[in-house]
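Residue numbers (this note's numbering): 1359 to 1487. Think of the CB as a built atom: it goes at the ideal place given N, C-alpha and C, for glycine as much as any other residue.
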């Protein structure tokens, strides 16, 4: 198995970053259109019509504002995404772990590239909040 692990830093407060991770309208600005709700057991989808992509999710963990986890199942992947947040000295540290990849293949590398790009979009969204 291969696990994807990425770290990001933002000058926004931990609560602002948490909101960007859990508010459906805000998520749509940096990930994809969705019907996400931060409720354990909630079943939802992220959708990108341009890429003909549907990602099915189930919310697994909601520990506001420290941890959020959900399944991420779409195309060739059946994985779990976990966000961990920590705030120190005015900086919010955001750790992403995506587990369940079979190996470091095209899906793994695509996810790695995709999350890095979306994190740049998140940075812009946070600047507008």
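{"query": "Rounded to the nearest angstrom, what separates residue 1425 and residue 1374 at their Cα positions?", "result": "14 Å"}
{"query": "Classify residue 1439 as buried or exposed, calling it buried when 16 or more other Cβ atoms lie within 10 Å of its own Cβ.", "result": "buried"}
{"query": "Spatial neighbours of residue 1483 within its chain, please: CB distance less than 7 Å, with the 5 preceding and 5 following residues excluded, ordered by chain position.", "result": "1378, 1384, 1387 and 1388"}
{"query": "Hey, out of 1393, 1402, 1415 and 1477, whose CA is closest to residue 1451's CA?", "result": "1477"}
{"query": "Run the CB neighbour count on residue 1548, radius 10 Å, all protein chains shown included, and call it buried at 16 or more, exposed below.", "result": "In the structure displayed, the chain extends from 1359 to 1487; residue 1548 sits before or after that span and is not available."}
{"query": "Where do the ends of the beta strand (DSSP E) carrying residue 1447 lie?", "result": "It is not in any beta strand (DSSP E) - residue 1447 carries neither H nor E in the DSSP assignment."}
{"query": "State buried or exposed for residue 1411, treating a residue as buried only when at least 16 other CB atoms are found within 10 Å of its CB.", "result": "exposed"}
{"query": "If contact is defined by three or more beta carbon pairs under 8 Å, each pair taking one atom from either stretch, is the region 1398-1408 in contact with the region 1363-1372?", "result": "no"}
{"query": "Residue 1425 lies in the beta strand (DSSP E); which residues open and close that run?", "result": "1425-1432"}
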